[in-house]
Structures are given as structure tokens and as C-alpha cells.
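So the sequences go chain by chain: A and B.
Okay, so the first sequence: first residue is 1 according to this note's numbering, each after it adds one.
Okay, so the second sequence: first residue is 1001 according to this note's numbering, each after it adds one.
Even for Gly, the Cβ is constructed at its ideal location relative to N, Cα and C.
Accompanying notes for the structure given below.
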Amino acid sequence: MLPQIAEIQSRLERQHYVTDRAIATTVYLAMELRKPVLIEGQAGVGKTEIAKVLAASLETELIRLQCYEGLDASSALYEWNYPKQMLHIRLQEAAHVEGRSVRQAEAEIFSEPYLLQRPLLRAISHPDRAPVLLIDEVDRADEEFEAFLLEVLSDFQVTIPELGTVKAEHRPYVVLTSNRTRELSDALKRRCLYLWIDYPDFEKEVRIIESKVEGINHHLAEQVAGFMQVVRRVRLGKTPGMAESIDWAMSLMALHADHLEPEAVNATLGAILKDRDDVNRLSGTRAETIISEIGRLDPKDLATAAPSIAQRIDKELAPRS
Amino acid sequence: MGTPRPQARHADLQRNILGFCRLLRERELLVSPSEVIDALRTANAVDLGDRQELKVALRSVLTSKPEDIPVYDWTFEEFWRSAPPERVEERVEDSQVQSDPNASQGDDSEPQPAEGDDDSSEATEELEMPLYSPVETLAGRDFSAFAADDMAEIARAILVVAKRLATRESRRYRATRRGSAIDLRRTMRRNIKYGGTVIELARKARKIRKPRIVLICDVSRSMDTYSRFLLQFLYAMQNTLGRVESFVFSTRLTRVTEYFHSGDIHQALDRIAAEVPDWSGGTRIGQSLKSFNDDWSLRLLNKHTVLIIMSDGLDTGDASVLELEMERLQKRAGKVIWLNPLLGNEDYRPLARGMSAALPHVDLFASAHNLASLQALGRHLVV
């Protein structure tokens, strides 16, 4: 491994982001080739987190653009502060300021103080160092917006007709995330490095829980991770992600549990299952089955046993559907 | 890398990367010249002695969606074999020596052991002759006429066809979007803050609703092959379509939607085949549709849903039940499509009791026995 990649990995880990080689390598390439990174994956695998951690480790600002359906260029880039402009004009009228041309008055209200910078413009015009620009859930924005984004990401400059062209002095590090509710355009994908993040495997999940949940003992972390590995393989309406694992581990800690036992699990199942049907399916005997299976196994076998336990649970559930 | 001829090595590496990119492009990955340039830059930026590093680094440049990843991984292993990159370079050098005597400088390329030679000729052959056969030659053949060995190939062809359809559909969406109109109500409201002077216009675009697909697939013995391919096809098109809900039945209905959440369709299919209790058993269409109507249709069917039933209609149950249930389905769904692979056979007439009972309540009766007919089906999946 290149020392630079190892360095990135350890920098991310220092920010309590448990990473793997693919992630660290992609982050390194993004910095080296100065290209945006497009991160895709299931909900709750830590896509957004990468941008946050990257900003923290570079000690720079994180600028976030949350996408939504109908997001347009003006709310992403800049807007004129219309009420303030209006107020300014009225005040001038009231004060009867004479001897000023219309042109002067216009120049005054279309100047920096009346400009509302939105995330993209802020990222481009950042004064001292390259910020991290997070364009979150880009799949929720419209295709028109995607085309506009493409333009900004290729030149890192925008033209404001009344003010002139703003060009980035420090090109931001760009991270885009997508939940794949729709396919992004080829042009945008082409512009980006691509990273697919899957649910973590057993070892990684243990490490993540241990780094995020303070004071948790290794045994409980392993049991929680093992349980989650099984649950993610059971057919459910909504598969829980990493955020759920962490919430759950914290809930168990709050109940002073130091290992999984049925009562505590049933009481806290709501932390990982967010659908009534799913809770009904797993609570009670099925949860107990998983706990006892996990309890029987040696930690090093937990990683491989999850699929077969999940299959058994699925079989038990099958007659109901 | 500490080699005697860094220049030559560099050129070989370039050639290898170009070859690798070409191979990926043949396998329908999105690899344009700009990706190739990035791949070359990447190769210069990472530790070439570290195979894993090269693999993950190039992967972030050369893939662009999760479906690409297995193809990439498998192509990488195939192209770079199990040797570290330096060795691969040597191999290309060797094959160069074999084919072009002028290129021989023979100072550091020691004669390889026999095994290595074999490998190298294989590797270059693969580059000249893509393993991938064009879709067209496969399109007209009935799925059941393929040998088990060809299955992977058809599966790949299905992906390609689905991908082409998906692109076409999304282009059409964009064109209709442009025809947007002014939304008076929202315009008035938005401009209240300007004292009623109309400054901003609110526009409305025709909202495009992706059709939801509900698939009910017969997996009795006679239908196994066709069902598999239909499932693969629909899931490959999932980005253009709305959500796909799927059920399988032979004697009993089972919901299998969640199996497909894992991403790997082949794994999902194998799991379903292993776990669904009566996969490849007999058929009870009427009963299965009844349990769908009772348990699921309220939740899943509306006027924007395309319901696809795939079955040969050879029902062992009561035909009047089937007719009644079909009527119920047609009332709720936007469109009912019945796919019968037997229709691909010219001599077939839908005389089976079940089939003739169902037909009056079907909007589209089609076959799905080969690639061409799947492609045709793609065009009907819009309500």
C-alpha cells in the first residue's frame, strides 16, 4: 500500500470513521486526480459520513448541498436578497437622495452585500482553503439540475450577470452521494470516481460499533454485530443500516446490558426495525433463536454463520406469507 | 519498480491498461476515452507492486454502478490473471516477441517456463477475440433451447438489452419534461412577498410517474427457465421502472421481493429456488391469484400498476376460480399483461382451460420466450 493511502486510512480512523482499503484508495485518488467522488450504497452505510470525516481530517469547512425534487440553480448557487434590495430603494426614496443616476442605484443593489450565497457559490468562492463540498442525495434532484451541476463541476466557475465571473481559487473536494432512486446521467458519472459502499462485514461492523459507542465491551459489540449480520439477511420490509446498529448498541448500553438477552432485545428492537410488520416478525421466539444461535458460536465463526441462521429464520417465516 | 528499462515498462503498462479498458468496454461498462486517461493517471499514482491497490483504484475510475462491480472484478482477475502487474507486463512483452521479431530486444525477458508461455498466449487471444458474443445472434432463440453452459451468456445479453431500453426510455422522459407550463396559483402566492408584482414565475412540469410493476411468476416445472429470465430482465430495468414487486407460485403464492434487495440477482434466484417450498412443482394459478387478491392487491395495485403474470396457463385447479380472480385483478390494476412462452411456438393456440378463462381479462397477451420478445415487452411497460 502506498504510504499516502495508509495515511488517509489512519486519518479517517482517527475521526472514528472505520474504513477499508477501497474507500481510502478512492479518497486518495480523488485528491490526487482532483475529481469528484460519487458514492452509492444502501441507506445507512455511511456515505454522507465520508464527506464529514474528510472535512474534519483536512481541517477545512464542509459545505453541504442537500438535494430534493425541484431543487433549482438559484437555490443551489445564489439568489439576490430581494427584500433587502426593495428596502434599500424605499429608504433612498424616503430620504430623497438626489443626483444619483438609475445606473448607480442599480449597481448599488446588485453588489455583494445583497447577494445571498448558496452552497455551490460558497464552495467556489471559499477564501482561504479548498473546502469539502457535499452534494447529498443527488438522485433526488431533477435531471435538469444534474446538467447544471455538471457545468459547475467541470469549470468551477460561475457567472453572475450583474457582478461578473467568480472562479474558484481553491477547487473544492467534491463528494456526491446517491441512494440510487434513479440512474444518474452518464455524463455526471463520467466526471466522477465511483465508490460503492456495501453493508459492513462482521469484523468491520464490530470495529465501527466499538469506535462509535463509548465504553461498550468487546463481547457485546460482537453480539450486536452478529445479530445485525443475521437480521440484514432476513427478508424484511426495511433492512437496518449501520446507524441502526449504533443506535441499538447505545440503547442496550443505556439498559446496562453487557450481553444480549431476550428481554432487553425485545424491549429495544424498535431501534433497529422501523416497520411494524418487521417487528412482529422478529420479536419473541425468532429474536430468541438468533440470540441463542449467536451465543453458542465462537466469535470467529459468527461472520460465516449469519447466512444460514438467516435462512432458518426465513424458512420459519415463510408459511405466514 | 526498479527495472532495467523503465521506459519500455511504462509503455507496456499503458498498453495493458488500454487493453483492459477495451475489454471492459466490450462488456458494456461505461469506459470512454476520458476514463481511459484517468485510468492511466491512476496507474501512475498508485503502487503497481500492490495488486489489490491497483484493483480497487482502477475500480473507482472504471465502474459507475453497482452492477458494474462484479463484471469489473471478474474481468480484472481474468485480464491480470493471478500474477502481479509486473509479471503481466512481461507477458505482453513476450507475446510481442512472438508475434513481432522487430520488437525483440531480449535483454531482460528471460525465456519463461512453459506454463507462463501458455498463459501469455491465452491472455492475448482473449484481447483479440472477445468472449462476449453479440446480442443479435442470441435474440431469436428460445430460452429453453440453450444449454446450461450458455445461461451466463444470455444473462449478460439480457442486461445489455435492458440497459439499452432503459436509456431510450429516460431520453423520452426528458423531452416531455421540457413542455412545462406556468402554474398560476403558485405564481400568485410566491409573489405576494413582492407586493403582488409578478417577479418570479412558478412553473409546473408534467409529472412523470414511473409505472410500478407487480410480477406474479409461475415457477412450476415447465416455466422455470422462462421465469428466471423474465425476473432478470425486469430487475435490470428497475431504474426506468418504478418499484418491482415480485411473487412466485406453483401451488402456493410466495412474495419474493425482498430477495432481490441484496443486489446480486443470481444469488437471489438461487436462494428463491432453494427456499420457496414448491419451486418446480405443479400449478394452481387460480388459488395463487386468489391469495394475491386477498392479501396483497389492496396494498400493491392501483391504476399506475402494471401487473404481469407469467404462466403457461396449464392449470390443475378450477378454471372458474381463475376467471373470477382475473376479473378482480383487472379492475384494480392499470394494465394486465399475461406472458406465455408457449406463444412463441407458432402452432400454439390458447385452448388450455385456464388460459381461455383468463384471456378476456388480459390487456396484453404476449410471449417471453426469447430476447427479442423481452425487448418488445419493455415497450409495453408504461401505463
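Spatial distance of residue i from residue j (CA atoms)
i                            : j                            : result
proline 262 (chain A)        : proline 240 (chain A)        : 19 Å
histidine 170 (chain A)      : threonine 1075 (chain B)     : 38 Å
threonine 1388 (chain B)     : leucine 1058 (chain B)       : An answer regarding residue 1388 (chain B) cannot be provided, because it is not within the stretch 1001 to 1383 covered by chain B.
tyrosine 1348 (chain B)      : alanine 1273 (chain B)       : 28 Å
glycine 1286 (chain B)       : lysine 1331 (chain B)        : 16 Å
arginine 129 (chain A)       : glutamate 59 (chain A)       : 10 Å
serine 1121 (chain B)        : glycine 295 (chain A)        : The pLDDT assigned to serine 1121 (chain B) is 38, lower than 50, so where the model puts this residue is not dependable; a value taken from the coordinates is nonetheless given after this. Between serine 1121 (chain B) and glycine 295 (chain A), the C-alpha separation is close to 53 Å.
proline 36 (chain A)         : valine 152 (chain A)         : 12 Å
alanine 1083 (chain B)       : serine 1064 (chain B)        : Bear in mind that the predicted position of alanine 1083 (chain B) carries a pLDDT of just 41, short of 50, making it unreliable; the figure below should be weighed with that in mind. Taking the straight line from one Cα to the other gives about 26 Å.
arginine 90 (chain A)        : arginine 140 (chain A)       : 40 Å
glutamate 1245 (chain B)     : tyrosine 114 (chain A)       : 51 Å
serine 1288 (chain B)        : leucine 1253 (chain B)       : 5 Å
glutamate 1026 (chain B)     : glutamate 1077 (chain B)     : 16 Å
phenylalanine 1020 (chain B) : phenylalanine 1079 (chain B) : 7 Å
glutamate 222 (chain A)      : glutamate 244 (chain A)      : 15 Å
Outcome for residue i when other beta-carbon atoms lying within 10 angstroms are tallied against a minimum of 16
i                         : result
glutamate 40 (chain A)    : buried
proline 307 (chain A)     : exposed
tyrosine 28 (chain A)     : buried
glycine 46 (chain A)      : buried
arginine 14 (chain A)     : exposed
alanine 1376 (chain B)    : exposed
alanine 257 (chain A)     : buried
isoleucine 1192 (chain B) : exposed
threonine 1305 (chain B)  : buried
aspartate 1068 (chain B)  : buried
glutamate 1327 (chain B)  : exposed
asparagine 1016 (chain B) : buried
asparagine 1370 (chain B) : buried
tyrosine 1194 (chain B)   : exposed
Where residue i meets chain A, residues with beta-carbon distance less than 9 Å
i                     : result
serine 1246 (chain B) : Under the 9 Å cutoff, chain A gives no residues; its nearest Cβ is about 12 Å from serine 1246 (chain B).
Proximal residues of chain B, C-beta to C-beta of residue i below 7 Å
i                        : result
leucine 115 (chain A)    : Those within 7 Å of leucine 115 (chain A) in chain B number zero; the least Cβ separation is about 17 Å.
threonine 26 (chain A)   : Ser1060
tryptophan 196 (chain A) : Pro1066 and Ile1069
Cross-chain neighbours of residue i in chain A, by beta carbon under 7 Å
i                      : result
leucine 1030 (chain B) : Asp186, Lys189 and Arg190
valine 1056 (chain B)  : Arg21, Ala22 and Thr25
Chain A contact residues for residue i, given Cβ-Cβ distances below 8 Å
i                        : result
tyrosine 1259 (chain B)  : Arg235
tyrosine 1226 (chain B)  : Ordered by position in chain A, no residue passes the 8 Å Cβ test against tyrosine 1226 (chain B), which lies about 23 Å from the chain.
aspartate 1050 (chain B) : Met1 and Leu2
tyrosine 1194 (chain B)  : Tyr82 and Met86
Among the options, nearest to residue i - alpha-carbon criterion
i                        : options                                       : result
leucine 134 (chain A)    : A:Ala123, A:Ala141 and A:Glu144               : A:Ala123
leucine 366 (chain A)    : B:Val1276, B:Asn1340, B:His1304 and B:Ile1309 : Since the first residue shown for chain A is 1 and the last is 321, residue 366 (chain A) is missing from the structure and cannot be characterised.
methionine 86 (chain A)  : B:Glu1327, B:Ile1199 and B:Arg1185            : B:Ile1199
alanine 1366 (chain B)   : B:Val1219, B:His1380, B:Gly1354 and B:Ala1357 : B:His1380
leucine 220 (chain A)    : A:Val265, A:Pro172, A:Tyr114 and A:Thr177     : A:Val265
alanine 303 (chain A)    : A:Val138, A:Glu108 and A:Val224               : A:Val224
aspartate 1218 (chain B) : B:Gly1344, B:Ile1308 and B:Ala1268            : B:Ile1308
arginine 1271 (chain B)  : A:Gly295, A:Leu260 and A:Arg312               : A:Arg312
alanine 1319 (chain B)   : B:Ala1358, B:Leu1300 and B:Ser1297            : B:Ala1358
aspartate 201 (chain A)  : A:Gln229, A:Val279, A:Ala187 and A:Ile209     : A:Gln229
glutamate 146 (chain A)  : A:Leu269, A:His88, A:Lys84 and A:Arg191       : A:Arg191
leucine 255 (chain A)    : A:Thr268, A:Lys84 and A:Ala243                : A:Thr268
leucine 1230 (chain B)   : B:Val1031, B:Arg1190, B:Trp1338 and B:Arg1328 : B:Trp1338
leucine 1040 (chain B)   : B:Glu1053, B:Gln1014, B:Leu1048 and B:Leu1159 : B:Gln1014
leucine 1215 (chain B)   : B:Thr1257, B:Thr1251 and B:Ser1250            : B:Thr1257
Per-residue DSSP class, three states only, for residue i
i                         : result
isoleucine 160 (chain A)  : strand
methionine 1310 (chain B) : strand
tryptophan 364 (chain A)  : Given that chain A is displayed from residue 1 to residue 321, the structure contains no residue 364 (chain A) and the question cannot be resolved.
aspartate 275 (chain A)   : coil
leucine 1159 (chain B)    : helix
isoleucine 135 (chain A)  : strand
glutamate 1245 (chain B)  : strand
arginine 1025 (chain B)   : helix
glutamate 13 (chain A)    : helix
alanine 123 (chain A)     : helix
serine 178 (chain A)      : strand
Contacts of residue i in chain B (Cβ-Cβ under 8 Å)
i                       : result
glutamate 40 (chain A)  : Lys1065 and Pro1066
leucine 322 (chain A)   : Residue 322 (chain A) lies beyond the range of chain A shown here (1 to 321); nothing can be said about it.
tyrosine 17 (chain A)   : The premise fails here: tyrosine 17 (chain A) is roughly 17 Å from chain B at the closest Cβ pair, so nothing lies under 8 Å.
aspartate 314 (chain A) : Glu1275
Per-residue contacts from residue i into chain B (C-beta, under 9 Å)
i                       : result
aspartate 201 (chain A) : None at all; the shortest Cβ gap to chain B is about 14 Å.
leucine 33 (chain A)    : Asp1038, Arg1041, Thr1042, Ala1045 and Val1061
leucine 71 (chain A)    : Result: empty, since nearest Cβ-Cβ is about 14 Å, beyond 9 Å.
Closer than 9 Å between beta carbons: that is the criterion. Which residues of the stretch 134-164 of chain A meet it against chain E? The structure shown contains no chain E; the protein chains it does contain are A and B.
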